[in-house]
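*Asks:*
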Amino acid sequence: MVPRLTTPRIFLVLVLLAGVHLVAQPAQTNAASSCARCHAAQAGPQPDTPMGRGMQWPDANPLFKSHPQLSFRKAPYTYRVETKGNQTLYSVTDGTRTISLPIHWSFGKGAQTWLFERDGNLYESMVSYYPSIDGLEITTGDSALTPQNLDEAVGRKLTKTEPKDCFGCHSTGAVSMGKLHLERLEPGVTCEHCHAGANAHMVAAFQGEAYGTAPPDLKGLSSEDISSFCGQCHRTWEMVVRSNWRGEVNVRFQPYRLANSKCFDGTDPRISCIACHDPHQDLVTEDSSYDATCLACHASTNQAANLSAQTVVHREAKPCTVASANCVSCHMPKVKLPNGLVTFHDHEIRIVKPGAPYPD
Amino acid sequence: MQNDVPRAIELYSRAVQVNPKWPEGWWFLGSLQYGTGAYVPARDALSRYIELIPTGGPAFALRGLCEFETGQYAQALGDIQHGISQGAANQPRNEQILRYHEALLQTRLGNYTSALKMYSIFAKNGVTNPELLAAIGLAGLRMPLLPKDVGTEQQGLVSAAGDAAYRFLAGDEASATRAFRDLFQRFPTAPNVHFLYGYLLFAADPDAALAEFQQELRITPSNADAEVMAAWGLLLHNSGAEALPYAQKAAEQEPALPSAQLVLGRSLMETGDLKEGTFYLEKARQLDPNNLEVHLALAKAYSKSGRKEDARCERILSLQLSNSNGATLDHP
C-alpha cells in the first residue's frame with residue numbers, strides 16, 4: 000500500500016470558492032528546523048530544495064528581491080510584475096485599462112508561476128518567470144489561449160479541481176479531509192507532507208517518546224510503490240495514461256517515463272526514484288553523478304571492480320559499448336517542453352536512435 | 000403521380016424480383032418501406048442490399064433503425080454502430096438520429112454510462128425535447144427501458160431526473176444543483192437518484208460524489224453500482240482499506256460485474272494482499288478485456304510482484320486502450 004501524502008492527491012476537487020475570501024497568510028512556521036535537531040542531514044538542506052521551495056510567500060521569494068521589475072508584452076497586452084517592499088503586484092494593461100492584483104502565492108523555486116485571487120476565484124498568472132530566459136513568457140500550457148479582453152488576459156481561472164491539486168502538491172497542510180484550507184498551509188513541501196505523522200512524532204520526541212512514534216519508513220517501499228508515492232505529485236504512470244497525456248509534455252512526469260523504460264522493475268530497488276534522487280538534497284545536475292546507479296546493473300567486469308562496496312552489482316544487464324561515463328547524457332536525453340523554455344531529462348531510459356521520434 | 004410511395008414500393012419489389020442483384024433497387028425498396036413503417040420487410044430488403052454491398056454504412060444504419068422498431072435491440076445497436084463506423088453519421092442530421100438511437104439502445108441494453116456520454120453531446124449542443132429528457136432520465140436512473148415503455152407512475156420521476164441531469168450535462172451546475180435538490184425532496188426513496196447525482200459529480204468533485212453514493216446505499220443497500228463507485232472514489236483517494244468493504248459487498252452482490260471485481264482486486268492490492276488482488280483483477284480482465292482501468296491495475300499488480308514482462312504487456316495494452324479511448328476516464 001502506498002502511504003498517503005498528508006495533503007491528499009491530485010485528482011481531488013475544490014470546495015466552492017465563490018464568495019469566500021481566500022487569502023489568509025499565517026506566519027510561516029519552520030517545522031524542518033525542529034526536525035533537524037535529530038535529522039540534520041535530511042531536514043537541514045531540504046527547505047531550500049525545489050520541493051522545499053515548491054511554494055513561497057511573496058515576501059520570502061528571492062526572485063522578487065533580485066528582479067523587482069519584470070515585464071513582458073504580448074500584443075495587445077503588457078504584463079508587469081513589480082515588487083515594492085513586501086508586496087508584489089501583477090499588472091496587465093491593454094493601454095487604456097489596467098488590472099493590478101497582489102500576488103499571494105509563488106509556485107516553483109526556479110521557474111515560477113503565480114496564483115492570485117480575483118472576485119473569490121483563483122487564477123493562474125498568464126505569464127511565468129523562466130530562468131532559461133531570465134524573464135517572463137506565457138505560462139506553460141497556456142500558449143494556446145487567446146484572451147478576448149483584458150479580464151481574460153489576466154490569467155486562467157482555475158477549474159474546480161485545480162486549487163487542491165496545486166496547493167496539495169506545492170504546500171503542506173492546505174488540503175485536509177478533501178477540503179482546501181488555505182489558512183492552514185505551510186509553503187513548500189515540508190517534512191509532514193511526505194512523512195505523515197512527523198509533527199506528532201516531533202512532539203512525542205520532545206516528551207522523550209521518540210521511539211514508536213516515527214512515521215512509516217518510506218525507504219522500505221518497493222520501486223513501484225515509490226513511483227506511486229512520488230507520482231502523487233509528479234504524476235503516476237496510470238494518471239498519465241488515464242488522461243492520455245501524450246507528446247513531449249509528458250517528459251515532466253518522471254514516474255510515467257521511468258515505468259516505460261525497458262529496465263523498470265517494480266521490485267528492484269536499483270531503479271526506484273530514490274536510487275538516484277535524495278529528496279532531502281538539492282537536485283544534482285552533473286550527469287556523471289548518476290553513473291554509479293546505472294552501473295549497479297550495467298557494469299562491465301572492470302567497472303564493477305572499481306565501484307564502491309555499497310553499490311550492489313548484479314551484472315545481468317549489458318554494459319554500454321560506447322561509453323563508460325555520463326550514462327544519462329545519452330540514455331536519458333534532455334527534452335524541451337513544447338514552449339522551449341523548460342528542459343527535463345527524459346526518465347524513459349533507453350537506447351536513443353538518431354532521429355527517432357519521442358516515444359510517448 | 001408524384002410521391003406515390005405504395006406504387007413505388009410495388010414497382011421496386013417487382014424490379015428486384017426480376018433482378019435480385021440490383022443493389023439500388025433493394026436500397027430504395029428498404030428505405031421506402033422504412034418510411035411507411037413496414038419495418039420487417041424494410042429490414043429484409045436492406046439485408047439483401049448489404050449482401051451485395053457489404054460496405055454500405057447507411058444501409059447498416061437504416062437496418063439498425065428497423066431492428067430498433069422490431070425490438071431486436073442487440074442487433075440494432077450492432078448495426079447502427081457499424082453503420083456509423085462506415086460513415087453513416089457524416090451528415091449532422093443523420094448523426095443526431097443515429098446517436099440518439101444508439102444511446103436509447105445502450106440504455107435498453109444496460110450500458111448506462113455509454114448512453115449518458117452520448118446524451119451529454121446533445122445537452123452541450125442545446126438540443127432538448129421531452130423525449131430526450133425522459134431518455135436521459137432512464138439512463139441516469141439505470142432503467143433498461145425506452146421512453147415509450149415508461150409507465151405513467153414513473154413518468155414524473157424519469158422526466159425530473161432527466162431534466163436535472165440535462166442541466167448538469169449542459170454545464171449549468173447551479174441550476175442542476177437546484178433541480179437535484181428538488182428531485183431528492185420529491186422522490187426521497189427512489190433508487191439511483193443519488194447515484195445519478197454522484198455519478199455526474201464524480202469527475203469534478205469526488206468527495207461530494209462519494210457522499211451521494213453513500214446516501215444511495217442508505218436508500219438502496221443492494222445497489223452494487225453504488226458500492227463500486229464508493230469503492231472507486233476511495234481508491235482514488237488512496238484509501239484502499241476504506242474501499243475494501245464496499246468492494247467486497249459489490250463483488251458479493253454482482254459477481255459478474257467487471258467493475259466489482261476490479262475494485263475488489265484493487266482494494267486488496269492496495270491493502271497488501273497482492274496475490275488475492277491479482278486474482279480478482281484477472282477475473283475482471285476475463286469479464287471485460289477492454290477495460291482500461293483493469294489493465295492499469297494489473298500493470299501495477301504485476302509490477303509489484305516482480306512479474307516484469309507481464310507488467311510491460313499490461314502497460315502496452317493500457318496505452319493502446321488509452322489511445323483508442325482518447326479521453327479522460329473517470330469511471331471504472
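Chains as they are written, first to last, in numbering that gives the first Met the number 0: chain G, 0 to 359; chain C, 0 to 331. All C-beta atoms in this analysis are idealised placements derived from N, C-alpha and C, irrespective of residue type, glycine included. Quick caveat, the model's predicted, so the values are computed rather than measured.
1) Taking the alpha-carbon positions, what's the GLN80 of chain C to PHE212 of chain C distance?
2) Roughly how many angstroms separate the alpha carbons of ARG311 of chain C and PRO215 of chain G, rounded to a whole number?
3) State the Cα-Cα distance for the pair ILE350 of chain G and LEU291 of chain C, rounded to the nearest angstrom.
4) Identify, in the order they occur along the chain, each residue of the same chain with its Cβ nearer than 7 Å to the Cβ of ALA23 of chain G, setting aside the five sequence neighbours on each side.
5) According to DSSP, is MET142 of chain C part of a helix, a strand, or is it coil?
6) Comparing C-alpha positions only, which one of G:LYS73, G:ALA110, G:ILE102 and G:ALA209 sits nearest to ARG52 of chain G?
7) With the cut-off set at 7 Å, would you say GLY24 of chain C and ALA37 of chain C are in Cβ contact?
8) DSSP state of PHE194 of chain C, grouped into three classes?
9) Grab me the residues of LEU135 of chain C's own chain with a C-beta within less than 6 Å of its C-beta, minus the 5 sequence neighbours each way, in chain order.
10) Is it buried or exposed, ASP224 of chain C, if we count other Cβ atoms within 10 angstroms and call 16 or more buried?
11) What do you get for ASP133 of chain G, buried or exposed, if any count of 16 or more other CB atoms within 10 angstroms of its CB means buried?
12) Measure from the C-beta of LYS163 of chain G to each C-beta in chain C and report whether the shortest distance is under 7 Å.
13) So with Cβ pairs under 7 Å, would you call VAL91 of chain G a contact of chain C?
14) Based on the DSSP secondary-structure assignment, which residues constitute the bridge partners of GLU116 of chain G?
15) Is any beta-carbon of chain C found at less than 7 Å from that of LEU21 of chain G?
16) Is the CB-CB distance between ALA295 of chain G and ARG269 of chain G below 7 Å?
17) Can you look up HIS344 of chain G in the DSSP assignment and give me helix, strand or coil?
18) Interface residues of chain G around LYS303 of chain C at Cβ under 8 Å?
19) Return no unless some Cβ of chain C is closer than 7 Å to the Cβ of GLY140 of chain G.
20) With a threshold of 8 Å, are at least 3 pairs of Cβ atoms found where one atom belongs to the region 66-81 of chain C and the other to the region 96-112 of chain C?
21) Please report whether the beta-carbon of SER317 of chain C lies at a distance below 7 Å from any beta-carbon of chain G.
22) Along chain C, which residues have their Cβ under 9 Å away from the Cβ of VAL174 of chain G?
23) Cα separation between GLN206 of chain G and LEU217 of chain G?
24) Taking the beta strand (DSSP E) that VAL126 of chain G belongs to, which residues open and close that run?
25) Please list the partners that LEU115 of chain C has in chain G, where partner means a Cβ-to-Cβ separation under 8 Å.
26) Is TYR210 of chain G buried or exposed, if buried means 16 or more other CB atoms sit within 10 Å of its CB?
27) Applying the criterion that 16 or more other CB atoms from any shown protein chain within 10 Å of the CB defines a buried residue, is LYS335 of chain G buried or exposed?
28) Any Cβ of chain G within less than 7 Å of the Cβ of GLU313 of chain C?
29) Closer than 8 Å between beta carbons: that is the criterion. Which residues of the region 111-136 of chain C meet it against chain G?
30) How would you list, in chain order, the residues of chain G whose beta-carbon sits under 8 Å from the beta-carbon of SER321 of chain C?
31) At a CB-CB cut-off below 7 Å, which residues of chain C make contact with GLY177 of chain G?
32) Quick one: list the residues of chain C neighbouring THR171 of chain G, beta-carbon separation under 8 Å, in chain order.
33) List, in order along the chain, the chain G residues whose C-beta lies closer than 7 Å to that of ALA310 of chain C?
*Replies:* Considering the structure as presented:
1) Roughly 32 Å separates the two Cα atoms.
2) Between the C-alpha atoms of ARG311 of chain C and PRO215 of chain G there is a straight-line separation of about 29 Å.
3) Approximately 29 Å, taken between the alpha carbons.
4) Reliability of the predicted coordinates at ALA23 of chain G is poor, the pLDDT of 45 falling under 50, and no value is obtained from them.
5) If DSSP states are grouped into helix, strand and coil, MET142 of chain C belongs with coil.
6) The shortest Cα separation from ARG52 of chain G among G:LYS73, G:ALA110, G:ILE102 and G:ALA209 belongs to G:ALA110.
7) For the pair GLY24 of chain C and ALA37 of chain C, the CB atoms are not nearer than the 7 Å cut-off.
8) In this structure, PHE194 of chain C counts as helix in the three-state DSSP scheme.
9) The sequence given here has Ile at residue 135 of chain C, not Leu. So the list reads TYR118, GLY161, ALA164 and TYR165, once near-sequence residues are dropped.
10) ASP224 of chain C should be labelled buried.
11) The residue is exposed, with fewer than 16 neighbouring Cβ atoms inside 10 Å.
12) Closer than 7 Å: no.
13) It does not; no Cβ of chain C falls within 7 Å.
14) G:LEU121.
15) Its pLDDT being 43, under 50, LEU21 of chain G is placed unreliably by the model, and the measurement read from it follows with that caveat. Taking Cβ atoms only, chain C never reaches closer than 7 Å to LEU21 of chain G, which makes this a no.
16) Their beta carbons are under 7 Å apart, which means ALA295 of chain G touches ARG269 of chain G by this criterion.
17) DSSP places HIS344 of chain G in strand when its eight states are reduced to three.
18) Here the neighbours are SER221, GLU223, ASP224, GLY265 and THR266.
19) The beta carbon of GLY140 of chain G sits no closer than 7 Å to any beta carbon of chain C.
20) Yes: the two stretches touch, three or more of their Cβ pairs being nearer than 8 Å.
21) True, the Cβ-Cβ gap to chain G drops below 7 Å.
22) None at all; the shortest Cβ gap to chain C is about 11 Å.
23) Cα to Cα, the separation comes out at about 24 Å.
24) Per DSSP, the continuous beta strand (DSSP E) segment holding VAL126 of chain G begins and ends at 126-129.
25) In chain order: nothing, as chain G lies at least about 19 Å away.
26) Counting every other CB atom within 10 Å of its CB across the protein chains shown gives TYR210 of chain G a total below 16, marking it as exposed.
27) So LYS335 of chain G ends up on the exposed side.
28) No, because no Cβ of chain G sits closer than 7 Å to the Cβ of GLU313 of chain C.
29) Flagged: no residues at all.
30) The CB of SER321 of chain C comes closer than 8 Å to the CB of VAL240, ARG241 and ASN243 in chain G, given here in chain order.
31) Going along chain C in sequence order, the residues near GLY177 of chain G (Cβ under 7 Å) are ASP206.
32) Counting only Cβ-Cβ distances below 8 Å, THR171 of chain G has no contacts in chain C at all, with the closest Cβ about 17 Å away.
33) Think of a sphere of 7 Å around the beta carbon of ALA310 of chain C: the chain G residues whose beta carbon falls inside it are GLY265, in chain order.
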